[in-house]
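A.B. asks:
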Amino acid sequence: MDAAQRWVGTGWKMTKTRAEGVAWARAVVRAAAERGGESAWPGVQPFVLPPATAITQVAEALRAPGTSRVLVGAQDAHWEDSGAWTGELSVPQVADAGAQMVELGHSERREHFAETDERVALKVAAVLRHGLMPLVCVGETAEQRDAGRSVDVVLTQARAALGAAGDRRCVLAYEPVWAIGERGREARPEEVAPVVAALAGLVVDSGGGPSRNPVLYGGSVTVEGAPGVLEVPGVDGLFVGRTAWRAEGFVALLDLVSG
Ligand code: PGA
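Counting with our numbering, you get residues 24 to 282 for the letters of the sequence shown.
1) In its own chain, which residues sit with a C-beta less than 6 angstroms from the C-beta of residue 262, not counting the 5 before and 5 after it?
2) What are the residues that DSSP puts in a beta bridge with residue 160?
3) Taking the alpha carbon of residue 270 as the reference point, which residue from 62, 71, 36 has its own alpha carbon closest?
4) Determine the burial state of residue 76: buried for a count of at least 16 other Cβ atoms within 10 Å of its Cβ, exposed for fewer.
5) Assuming contact is defined by CB atoms lying nearer than 7 angstroms, are residue 30 and residue 281 in contact in what I supplied?
6) Should residue 135 go down as buried or exposed, given a rule of 16 or more other Cβ atoms within 10 Å for buried?
7) Tell whether a beta-carbon distance below 7 angstroms holds between residue 84 and residue 125.
8) With a threshold of 7 angstroms on Cβ separation, who are the neighbours of residue 122 within its own chain once the five nearest residues in sequence on each side are excluded?
9) I need the straight-line Cα distance from residue 7 to residue 140, nearest angstrom please.
10) Within this structure, are the beta carbons of residue 181 and residue 161 separated by less than 7 angstroms?
11) In the DSSP assignment, what residue or residues form a beta bridge with residue 20?
12) My output table needs one value for residue 233: the three-state DSSP class, helix, strand or coil.
13) Decide if residue 286 is buried, meaning its Cβ has at least 16 other Cβ atoms within 10 Å, or exposed.
14) Quick check on the DSSP output: the alpha helix (DSSP H) that includes residue 266 runs from which residue to which?
15) Taking the alpha-carbon positions, what's the residue 110 to residue 268 distance?
16) What did DSSP end up calling residue 96 once you bin it into helix, strand or coil?
17) So, under 8 angstroms CB-CB, residue 147 and residue 120 are touching, yes? Tell me the CB distance rounded to an integer number of Å.
18) What residue does the beta strand (DSSP E) around residue 239 start on, and which one ends it?
19) Drop a sphere of 10 angstroms on the beta-carbon of residue 90, count the other beta-carbons inside from all chains shown, and report buried for 16 or more, exposed for fewer.
20) Going by C-alpha distance, which of 206, 28, 88, 149 is nearest residue 57?
21) May I ask you to check if the CB of residue 273 is nearer than 6 angstroms to at least one heavy atom of ligand 1?
22) May I have the straight-line CA-CA distance separating residue 206 from residue 257, to the nearest angstrom?
23) Sorted by chain position, which residues of the same chain lie with C-beta nearer than 7 angstroms to residue 251's C-beta, five sequence neighbours on each side aside?
24) Could you compute how far the alpha carbon of residue 168 sits from the alpha carbon of residue 260?
25) I need the straight-line Cα distance from residue 276 to residue 62, nearest angstrom please.
26) Spatial neighbours of residue 176 within its chain, please: CB distance less than 6 angstroms, with the 5 preceding and 5 following residues excluded, ordered by chain position.
27) Measuring only the C-alpha atoms, how far is residue 173 from residue 130?
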């Protein structure tokens, strides 16, 4: 991965049927073709995390010439490879479906599905064991920010995940809980800066000397607000929900970041 590379990705959460996912993918393929195919969005690594039901078809639709660079991933995976875990999917299963990366520790999973730092760490190890890329979400609640604990909370979450990664890199997404979703508000650059600086300080040495884990910002990202946050030192890209659920929004952000 090139050090100057930036990332733009979207997680679809519990939205979209397979047909809707394929329509989105085809629109992104068309946009890439209009921008030079393989050379579209230079310097940017796009990715999409559909619901598990749509991973295979979205990956196939994106394999059209020109968009082979769009990574496809899952929104979660279990730490065991197989077994009696009703309703769960393992890393080998999501990889078999076409996932190249796995999102872990999203605040909605931390809040509603007992996704603890310990479980995130087990899952990071499983994802790396199978050669996929972990995308680890970290972020503080409004109460924790008001108490001045943002950096502390986020570093604790990130250290737990990175401890399981050893000398391998993870993509980190700083997603303040108060910034996410319908009731959230996009964080201001000055709110993002100190937390991202702390995350950017967590270096990893994979053999070629210390390097940073890429750090993305997520939480009510808009096309209008993105330029401000992208100027924050240490921000390597965007992890986006609602704005990118429409292909036009995703393409607009790719154009912005690559431009
Ligand atoms: P949002 O979601 O952009 O819709 O706020 C972001 C996220 O949860 O990753």
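Here a beta-carbon is modelled for each residue, glycine too, at the ideal position from N, C-alpha and C.
Computed from a predicted model, the values in this text were never measured in an experiment.
C.D. replies: Answer, in terms of the structure:
1) As a first step, residue 262 is located in the sequence shown; it is residue number 239 there, counting from the start. When the five nearest sequence neighbours on each side are left out, the beta carbons in the same chain lying within less than 6 angstroms of the beta carbon of residue 262 are those of 32, 196, 239, 241, in order along the chain.
2) Mapped onto the sequence shown, residue 160 falls at position 137. As DSSP reads the structure, residue 160 sits in a beta bridge with 196.
3) Counted from its first residue, the sequence shown places residue 270 at position 247. When each option's Cα is compared against that of residue 270, the closest is 71.
4) As a first step, residue 76 must be located in the sequence shown, where it is residue number 53. Burial state of residue 76 is exposed, judged by a 10 Å Cβ sphere holding fewer than 16 other Cβ atoms.
5) Taking the first residue of the sequence shown as position 1, residue 30 is located at position 7. Taking the first residue of the sequence shown as position 1, residue 281 is located at position 258. It is not a contact, given that the beta carbons lie outside the stated cut-off.
6) Taking the sequence shown and counting its residues from 1, the one referred to as residue 135 is at position 112. Residue burial is scored here from C-beta neighbours: residue 135 has fewer than 16 other C-beta atoms within 10 angstroms and is therefore classed as exposed.
7) On the sequence shown, residue 84 is found 61 positions in, with the first residue counted as 1. On the sequence shown, residue 125 is found 102 positions in, with the first residue counted as 1. No, these two residues do not count as a Cβ contact at 7 angstroms.
8) To locate residue 122, count along the sequence shown from 1; it is residue 99. 78, 95, 96, 97, 155, listed in sequence order.
9) In the structure as shown, the chain starts at 24 and stops at 282, and residue 7 therefore has no counterpart that could be examined.
10) Here residue 181 is taken as the residue at index 158 of the sequence shown, counted from 1. Here residue 161 is taken as the residue at index 138 of the sequence shown, counted from 1. Taking 7 angstroms as the Cβ cut-off, residue 181 and residue 161 qualify as a contacting pair.
11) Nothing about residue 20 can be read from this structure; the chain reaches only from 24 to 282.
12) Taking the first residue of the sequence shown as 1, we reach residue 233 at position 210. In this structure, DSSP gives residue 233 an extended state, which the three-state scheme calls strand.
13) A query on residue 286 cannot be resolved here, the shown segment of the chain reaching from 24 to 282 and no further.
14) Within the sequence shown, numbered from 1, the residue matching residue 266 stands at position 243. Counting along the chain, the alpha helix (DSSP H) containing residue 266 begins and ends at 265–268.
15) The residue labelled residue 110 in the question sits at position 87 within the sequence shown. The residue labelled residue 268 in the question sits at position 245 within the sequence shown. Looking at the two C-alpha atoms, the distance is approximately 25 angstroms.
16) Taking the sequence shown and counting its residues from 1, the one referred to as residue 96 is at position 73. Three-state result, residue 96: strand.
17) Against the sequence shown, residue 147 aligns to sequence position 124. Against the sequence shown, residue 120 aligns to sequence position 97. Not really, about 20 angstroms apart at Cβ, beyond 8 angstroms.
18) Counting from one through the sequence shown, the residue named residue 239 turns up at place 216. 238–241 is the span of the beta strand (DSSP E), which, as asked, contains residue 239.
19) Working through the sequence shown from its first residue, we reach residue 90 at position 67. By the neighbour-count rule (16 or more Cβ atoms within 10 Å), residue 90 is buried.
20) Against the sequence shown, residue 57 aligns to sequence position 34. For the residues 206, 28, 88, 149, the minimum Cα distance to residue 57 belongs to 88.
21) Here residue 273 refers to the residue found at position 250 of the sequence shown. No, the Cβ of residue 273 stays beyond 6 angstroms of every heavy atom of ligand 1.
22) For the purposes of this step, residue 206 is taken as the residue at position 183 of the sequence shown. For the purposes of this step, residue 257 is taken as the residue at position 234 of the sequence shown. Approximately 26 angstroms, taken between the alpha carbons.
23) The sequence position of residue 251 within the sequence shown is 228, counting from 1. Scanning its chain for C-beta atoms nearer than 7 angstroms, with the 5 sequence neighbours on each side dropped, one finds around residue 251 the residues 212, in chain order.
24) Against the sequence shown, residue 168 aligns to sequence position 145. Against the sequence shown, residue 260 aligns to sequence position 237. Separation of residue 168 and residue 260 (C-alpha to C-alpha, rounded to the nearest whole angstrom) is 22 angstroms.
25) Counting from 1 along the sequence shown, the entry for residue 276 is found at position 253. Counting from 1 along the sequence shown, the entry for residue 62 is found at position 39. If I take the Cα positions, the gap works out to 16 angstroms.
26) As a working note, residue 176 is residue 153 in the sequence shown. Contacts found: 163, 167.
27) Along the sequence shown, one-based indexing puts residue 173 at 150. Along the sequence shown, one-based indexing puts residue 130 at 107. Across the structure, residue 173 and residue 130 are spaced so that their CA atoms are roughly 14 angstroms apart.
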